[in-house]
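Data first, discussion second: the structure below is written as structure tokens.
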Amino acid sequence: MDTKLVRFRDYFANRSILLTGGTGFIGMGLIEGLLSSSPDLRKIYVVVREKKGQSPSERVVKLLSSEIFNHLSAETKAKVVPIVGNLTAQDLGLDPITLKEIRETVTVVYHNAGLIKFNRSLKEAVLMNVLSTLRCIDLAKSLVHLSAFIYSSTALANSNIQDKILEVVYKTKESPREMIKLALETPSTIDRVAEIREDFIEGHQNTYTYSKQLAENLILEEMAGLPTGIVRPSLGN
């Protein structure tokens, strides 16, 4: 294994990145850090959907107008490219031309998007946090030159573990793909009966943390042998 260390700015030189969740707190910080530390970075493609009457382009313009980006030049900010997408759709719902460009030019994928709500149904949590991860994985696998796939999980993903939590993926009783299949049913079996739901979430206090643990399991299964990382940021300050 090649363990040679590479400087951050050198690693991202001449690379293009695909980012989900770019308009969120973590995504904003990541974009600023990448642009500030990697002057030779080519592009950051940010998957964005329309929200509250704002187009994806308008949302990114608003994002880049935040004070955190004031020190960056207009030329540097222009490296952030909004692309219209749907995280639960095949190929993220990208149009054919954009999809071709992504597959040929992107080498690093950061999947930060997710449903961060503790009170949502298991169906919603699985679709937004597990199915979306599968869609990102499938797209990452189709890249001509995949260099890294980074998934933003949560420090609470393994909150059902009573012992010291290690930097490993803890296996869930249910298969992530099976849970996706159940979530896609209408009506969804996994929310039909409260007792069934509680059995599925296996000691978790809510569907959010369980769905993130499922997503980690999905990555372990689907990205074996590929350059992959899972980070577990905390919630709050």
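Per the numbering used here, the sequence shown runs over residues 22 to 258. We treat Cβ as the ideally placed atom computed from N, Cα and C, and that holds for glycine. Just so we're clear, the structure is a prediction, and the values are computed from it rather than from any experiment.
Extent of the continuous beta strand (DSSP E) run through residue i
i: I38; result: 37-41
i: K192; result: From DSSP, K192 is part of no beta strand (DSSP E); its letter is neither H nor E.
i: P103; result: 101-105
Buried or exposed (CB count within 10 angstroms, at least 16 for buried), residue i
i: I38; result: buried
i: S173; result: buried
i: V68; result: buried
i: K83; result: exposed
i: S59; result: buried
i: G224; result: exposed
i: K100; result: buried
i: F179; result: Reading off the sequence, residue 179 comes out as Asn, not Phe. So N179 ends up on the buried side.
i: G135; result: buried
i: L267; result: Residue 267 cannot be examined here, being either before or after the span of the chain that is shown, 22 to 258.
i: L256; result: exposed
i: R28; result: exposed
Best match in the options for proximity to residue i [C-alpha to C-alpha]
i: I52; options: P60, D61, I65; result: I65
i: E237; options: E79, G224, S76, L177; result: L177
i: H132; options: Q234, L40, S255, Y32; result: L40
i: T128; options: G74, K73, S153, L160; result: L160
i: I158; options: P103, T228, S94, A110; result: A110
i: I251; options: E71, V130, I104, I123; result: V130
i: S273; options: V105, K202, S87; result: Outside the shown range of the chain (22 to 258) lies residue 273, about which nothing can therefore be said.
i: E188; options: K72, Q234, Y229, K138; result: Q234
i: T249; options: F29, K162, S78; result: K162
i: P103; options: S78, L167, L143; result: S78
i: K121; options: L164, M149, K72, F90; result: L164
Spatial distance of residue i from residue j (CA atoms)
i: E96; j: A169; result: 26 Å
i: I240; j: S232; result: 12 Å
i: L115; j: N107; result: 8 Å
i: Y191; j: K98; result: 39 Å
i: V81; j: H92; result: 17 Å
i: G45; j: K194; result: 31 Å
i: I222; j: E145; result: 14 Å
i: R264; j: P208; result: No information on residue 264 is available, as it lies outside the stretch 22 to 258 that the chain covers here.
i: V147; j: D31; result: 37 Å
i: L62; j: L247; result: 22 Å
i: N140; j: S153; result: 19 Å
i: G48; j: G42; result: 6 Å
i: L26; j: E206; result: 47 Å
i: N227; j: E243; result: 25 Å
i: A245; j: D220; result: 28 Å
i: S57; j: L203; result: 43 Å
i: R253; j: I182; result: 15 Å
i: L85; j: L55; result: 13 Å
i: A34; j: H166; result: 14 Å
i: S94; j: S87; result: 13 Å
i: G50; j: P117; result: 30 Å
Sheet register partners of residue i (DSSP bridge)
i: V68; result: T41, I104
i: V129; result: I38, A169
i: G250; result: I171
i: Q75; result: K72
Span of the alpha helix (DSSP H) around residue i
i: G50; result: 46-58
i: L241; result: 228-243
i: A95; result: 95-98
i: E145; result: 143-147
i: T109; result: Unbroken run through T109: none, as it is neither H nor E.
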